[in-house]
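Novice: Could you have a look at this structure, given as structure tokens, before my questions?
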Amino acid sequence: MKVVLGVAGGIAAYKACTLLRLLTEAGHDVTVVPTAAALHFVGEATWSALSGKKVHTDVWSDITEVPHVRIGQEADLVVVAPATADLLARAATGQADDLLTNVLLTARCPVVMAPAMHTEMWEHAATQANVATLTERGVHVVPPASGRLTGRDTGPGRLPEPEELYAVVERELARAGGASRPGAPAGPAGRAPDATSRRGDLSGRRVVISAGGTREPLDPVRFLGNRSSGKQGHALAEAAARRGASVLLVSSSSLPAPAGVEVVPVETALELEAAVTAAAAEADVIVMAAAVADFRPAAYARHKIKKSHSAALDGPEDESAPVVELVRNPDVLAGLVRARGAATSPVIVGFAAETGDDTGSVLDHGRAKLARKGCDLLVVNEVGNGVTFGQDSSTVHLLRRGSDAVTDVGPAPKSVVADAVWDAVLDLL
Ligand code: CTP
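Take any residue in the sequence shown, note its place counting from 1, add 266, and you have its number in our numbering.
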């Protein structure tokens with residue numbers, strides 16, 4: 267396969283040499299496109315010797331070959347490793363100020379980007395917004411690993427190991443190949459036209475997603491609620507629709523409906539349960555991202571509860587406060603798992619917001635919840651430690667039933683987390 271290895275100017279460029287070796291040893295025809303800054307870290311001679319090919323470094327050489335257009339057009343996959351904050355910004359805004367950004371604009375194949383930078387740069391709102399934009403356009407962004415960075419810093423920002431990146435590249439190539447199987451629209455190079463990373467890999471799948479925090483009414487003006495914004499559930503719906511699924515979003519959030527997604531608005535846990543269970547029989551996947559209230563007021567007051575709850579309008583002031591009695595709401599997720607019984611479909615995904623405490627870590631609580639709920643995949647969201655609700659990025663750990671393996675994602679935009687969840691679901695389908 268024709269693979270373009272873009273290398274941006276970061277110290278992790280040295281790891282791209284190993285990635286290049288893995289790709290060429292697997293028989294791929296690799297064209298390396300380093301940026302001018304990347305050449306400060308690893309020189310042209312190294313790239314050329316390892317790829318066995320001429321290395322193009324700028325748009326002004328070999329003009330007759332029109333490299334700024336041809337390299338991207340002919341590629342089966344473009345992988346950028348490392349992708350620096352600057353490269354992500356230039357790619358997100360569609361700039362074409364060097365050969366690599368020209369390649370990215372002309373490529374119609376899957377694009378994989380592996381960001382690597384210092385933690386502050388990765389966590390900066392500008393970088394996170396650029397990553398979100400690129401993900402929404404179908405770029406497969408591999409979240410950076412956590413660990414030792416250049417100098418004395420540690421934190422998220424490390425380029426994942428070359429073997430890991432190589433596995434992502436092979437998976438993406440296999441998927442893109444799948445899109446050109448009989449019945450799928452094949453392009454001139456045997457690829458789906460306009461195929462971008464992950465596009466279409468959920469086509470034919472029906473997914474149901476619940477999102478937002480439920481509101482349990484006390485009277486016509488008051489409710490018991492929680493701080494869930496619904497952003498992660500909406501990002502999951504947007505990603506599933508982009509990847510070709512037919513999506514039903516059962517949402518109590520006021521966020522707008524993502525394009526191409528059918529929305530059932532709900533308010534209470536009981537309404538959410540009714541909508542999700544009605545759609546469950548037809549679903550291939552159900553994702554319970556909603557923060558369902560565990561309790562609701564036992565009684566609903568049809569009229570506003572007055573501060574002075576006296577029997578008559580002109581009666582004496584009652585200084586006491588009413589006591590609100592609560593009753594348990596159904597556990598929707600556990601009910602779905604029970605109803606599925608011994609069947610394998612639908613795949614059921616739960617969410618858990620955990621802080622960790624004296625009795626165990628975030629992961630200990632996540633594993634216990636996975637066992638209790640019996641779902642196939644649990645997305646454990648790290649909250650607390652200054653992490654508040656409603657943010658645009660999050661840190662999650664994906665736990666699978668019957669496996670000790672953990673996939674760590676983030677801190678990353680919710681769109682990146684959403685794609686990581688769908689990647690894990692695809693492995694289970
Ligand atoms: N959930 C549900 N119905 C409920 C409560 C939760 O379906 N009544 C689902 C959520 O949508 C989520 C998962 O269960 O996917 C875990 O939610 P969480 O509130 O963490 O679980 P609880 O069982 O309520 O555990 P905890 O005591 O930690 O709140």
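The C-beta atom is built at its ideal place from N, Cα and C for all residues, glycine as well.
Since we're looking at a predicted model, the values are computed, not measured.
Please report how far the alpha carbon of Gly293 lies from the alpha carbon of Met267, in whole angstroms.
Specialist: 8 Å
Novice: Within 10 angstroms of the Cβ of Gly676, are there 16 or more other Cβ atoms? Answer buried if so, exposed if not.
Specialist: Classification for Gly676: buried.
Novice: Can you tell which of Leu514, Lys573, Ser574 has the C-alpha that lies nearest to the C-alpha of Ala555?
Specialist: Nearest C-alpha to Ala555: Leu514.
Novice: Is the closest heavy atom of the ligand CTP to the C-beta of Asn595 under 7 Å?
Specialist: yes
Novice: In whole angstroms, give me the CA-to-CA distance for Val487 and Lys570.
Specialist: 7 Å
Novice: So, Gly496 versus Ala525, is the Cβ gap smaller than 8 Å?
Specialist: no
Novice: Looking at the structure shown, is Arg488 part of a helix, part of a strand, or coil, going by DSSP?
Specialist: strand
Novice: Between which residues of its own chain and Glu648 is the CB-CB distance below 6 Å, once the five residues before and five after are set aside?
Specialist: Val628, Thr661
Novice: From Thr372 to Glu331, what distance separates their C-alpha atoms?
Specialist: 15 Å
Novice: Going by alpha carbons, who is nearest to Ala507 out of Ala351, Ile475, Asp295?
Specialist: It is Ile475.
Novice: Please classify Glu482 as buried or exposed, where buried requires at least 16 neighbouring CB atoms within 10 angstroms.
Specialist: buried
Novice: Taking the beta carbon of Tyr566 as the centre, do at least 16 other beta carbons fall within 10 Å, making it buried, or is it exposed?
Specialist: Answer is exposed; the Cβ neighbour count stays below 16.
Novice: Taking buried to mean at least 16 other C-beta atoms within 10 Å of its own C-beta, is Asp364 buried or exposed?
Specialist: buried
Novice: Tell me, to the nearest whole angstrom, how far the beta carbon of Leu703 is from that of Val299; I am working on the premise that it is less than 8 Å.
Specialist: No answer is possible for residue 703: it lies beyond the span of the chain, which begins at 267 and ends at 695.
Novice: Measure the alpha-carbon distance for Asn492 versus Val405 and round it to whole angstroms.
Specialist: 33 Å
Novice: Does Gly456 pass the burial test, meaning 16 or more other C-beta atoms within 10 Å, or should it be called exposed?
Specialist: At Gly456 the pLDDT is 32, less than 50, meaning the model places this residue with poor confidence and gives no usable figure here.
Novice: Could you tell me the boundaries of the beta strand (DSSP E) in which Met379 lies?
Specialist: 377-381
Novice: Residue range of the beta strand (DSSP E) that Ala619 falls in?
Specialist: 613-620
Novice: Given 7 Å as the limit, tell me if Phe617 has its C-beta closer than that to any heavy atom belonging to the ligand CTP.
Specialist: Correct: Phe617 has its Cβ closer than 7 Å to the ligand CTP.
Novice: What are the partner residues of Arg403, as DSSP defines its beta bridges?
Specialist: When beta bridges are read from the DSSP output, Arg403 appears opposite no residue.
Novice: Between Ser476 and the ligand CTP, is the CB less than 7 Å from at least one heavy atom?
Specialist: Yes, the Cβ of Ser476 comes within 7 Å of a heavy atom of the ligand CTP.
Novice: Any heavy atom of the ligand CTP within a distance shorter than 7 Å of the CB on Ala382?
Specialist: no
Novice: Can we count Met554 as close to the ligand CTP, meaning its CB is less than 7 Å from some heavy atom?
Specialist: yes
Novice: In terms of residue numbering, what span does the alpha helix (DSSP H) encompassing Gly656 cover?
Specialist: Per DSSP, Gly656 is not a residue of any alpha helix (DSSP H), being assigned neither H nor E.
Novice: Around the Cβ of Pro448, are there at least 16 other Cβ atoms within 10 angstroms (buried) or fewer (exposed)?
Specialist: Reliability of the predicted coordinates at Pro448 is poor, the pLDDT of 27 falling under 50, and the value obtained from them is presented with this limitation in mind. So Pro448 ends up on the exposed side.
Novice: Any idea which residues DSSP pairs Thr420 with across the strands?
Specialist: Arg414
Novice: So is Thr610 buried or exposed if we call it buried at 16+ other beta carbons inside 10 Å?
Specialist: exposed
Novice: Could you name each continuous alpha helix (DSSP H) segment of 4 residues or more that falls completely within the stretch 297-381, going from the start of the chain to the end?
Specialist: 304-307, 310-317, 333-340, 351-358, 365-372
Novice: Give the secondary structure of Ser517 by DSSP, where H, G and I count as helix, E and B as strand, and everything else as coil.
Specialist: strand
Novice: Return the bridge partner residues of Arg562 from the DSSP annotation.
Specialist: Val593
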